[in-house]
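Visitor:
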Ligand code: SF4
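In the numbering used here, the protein residues as written are 36 to 442.
(1) From the DSSP output, which residues share a beta bridge with residue 104?
(2) For the alpha helix (DSSP H) that residue 294 lies in, which residues bound it at each end?
(3) Taking Cβ positions, are residue 198 and residue 293 nearer each other than 7 Å?
(4) Using a threshold of 6 Å, is the CB atom of residue 324 nearer than that to any non-hydrogen atom of ligand 1?
(5) Ligand 1 and residue 367: does any heavy atom of the ligand fall closer than 6 Å to the residue's C-beta?
(6) Between 341, 269 and 432, which has its C-alpha nearest residue 54's C-alpha?
(7) Taking 6 Å as the cut-off, is the C-beta of residue 315 nearer than that to any heavy atom in ligand 1?
(8) Would you say the beta carbon of residue 375 comes nearer than 6 Å to a heavy atom of ligand 1?
(9) Taking the beta strand (DSSP E) that residue 125 belongs to, which residues open and close that run?
(10) Touch check for the region 349-358 and the region 199-208: three-plus C-beta pairs under 8 Å?
(11) What first and last residue would you give for the alpha helix (DSSP H) that runs through residue 193?
(12) Three Cβ pairs or more, each shorter than 8 Å: is that satisfied between the region 280-295 and the region 256-268?
(13) Thinking just about the alpha-carbon of each residue, which of 274, 256 and 220 is nearest to the one in residue 246?
(14) Between which two residues does the beta strand (DSSP E) holding residue 262 run?
(15) Just grab the DSSP bridge partners of residue 135 for me.
(16) Applying the criterion that 16 or more other CB atoms from any shown protein chain within 10 Å of the CB defines a buried residue, is residue 405 buried or exposed?
(17) Only counting runs of 4 or more residues, tell me where the alpha helix (DSSP H) segments fall wholly within the region 368-426, in order along the chain.
(18) So, is residue 149 buried or exposed, given that buried needs 16 or more other C-beta atoms within 10 angstroms?
(19) Less than 6 Å separating the Cβ of residue 362 from some heavy atom of ligand 1?
(20) Starting from residue 147, follow the beta strand (DSSP E) in both directions and report where the run begins and ends.
(21) Going by beta-carbon coordinates alone, are residue 395 and residue 345 separated by less than 7 Å?
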């Protein structure tokens, strides 16, 4: 499995598959072919169908600027992976510098067909949660020990930067106002929601509204092309960040403990990414919000001093109850249902942790984490194309908003 540095990435919203991954591939292309003077990029699959709403063409043109860059939205992709693009660059004499076919794997990760050597650091030998738990048992490690004994020394500082970026994204989102970019004309709500939470007398409701306002804050930053963290994707960036913000500023948990929690949550995200997918275009929203909820439930369980089995149980509950969740963003924007879904997701993560904490004392969990991950992969394969980030079905077709065309 890959390093957690590949799972958590800081970047501009609104979609890791549609903005972060293309920008990354374009930068890598220029590093490999610095003589490039003009470029032609063809987008396929979900990138073609929702690339406008996700601002994919803009980010590609910005990355290649000041070079001439043409971006086309195509439908005749013949590669085995559903979401990808090609890059053809030309030098000053109009000779081809290089042809790349790039797969956007989710969470900003890429695979370049012509350059399989551009492989990411893979520090983990184990591939499943059951294997990881076995190693932990053998060495009397917890999940934090497992991560830091496998990764290089740099990981702690890297995760510290990730934590800072998460906290900053909540802070910025809570103080911003105005209309989110795109044709939907949706106003930002996080600030008002947070202010409203202060007047709620019922402690339980106040906690929920406050926590949801944090998730709104990050997701609205994402929808506004702000700098957020893939956890595991940009579309689902609000869940873990909201929980971290709450634990740091409201509960006074130390940075060290939160960095460890990012390691634990990241481990679960990594197992999902390795064995199934974290891409909405491949597995539907269960792969994004479902995975983010798992990571947060695991992080929350760690921060609440639950043991390894209870942490696994919390993450399993979080995924099990997102199975089948579709991806049908209205107008191709990462706004409806995405922002609200992040808010609901963070509450579900807390519920999953709580259920694990008490249910694990009553009975043993029947479904383990690896089983639910396999089920998520299977379910994603069965979901129709219309419900996998193409905006061809579901809410994207049902919800009529002025300015958004339904063909
Ligand atoms: S519906 Fe879910 S998977 Fe689809 S873009 Fe929104 S957050 Fe991402």
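Glycine included, each C-beta is placed from N, C-alpha and C at the ideal position.
Guide: According to the structure shown:
(1) Answer by DSSP bridge pairing, in chain order: 74.
(2) Note, residue 294: alpha helix (DSSP H), 290-310.
(3) A contact, by the Cβ cut-off of 7 Å.
(4) Yes - ligand 1 has a heavy atom lying nearer than 6 Å to the Cβ of residue 324.
(5) With a cutoff of 6 Å, residue 367 does not count as near ligand 1, since its C-beta is closer than that to no heavy atom of the ligand.
(6) Ranking the options by Cα distance to residue 54, first place goes to 269.
(7) Result yes, Cβ under 6 Å from ligand 1.
(8) Every heavy atom of ligand 1 is 6 Å or more from the Cβ of residue 375, so no.
(9) Taken as a continuous stretch (DSSP letters only), the beta strand (DSSP E) holding residue 125 covers 119-125.
(10) The region 349-358 makes no contact with the region 199-208, as fewer than three CB pairs between them are under 8 Å.
(11) 189-210 is the span of the alpha helix (DSSP H), which, as asked, contains residue 193.
(12) Between the region 280-295 and the region 256-268, the count of Cβ pairs shorter than 8 Å is below three; the stretches do not touch.
(13) It is 274 whose Cα lies nearest to the Cα of residue 246.
(14) For residue 262, the enclosing beta strand (DSSP E) begins and ends at 262-264.
(15) Bridge partners of residue 135: 122.
(16) Buried, since its Cβ has 16 or more Cβ neighbours within 10 Å.
(17) If only complete runs of 4 or more residues are kept, the region 368-426 shows the alpha helix (DSSP H) at 373-394 and 404-417, in order along the chain.
(18) So residue 149 ends up on the exposed side.
(19) It does: the Cβ of residue 362 is within 6 Å (strictly closer) of some heavy atom of ligand 1.
(20) Residues 144-147.
(21) Yes, they are a contact pair.
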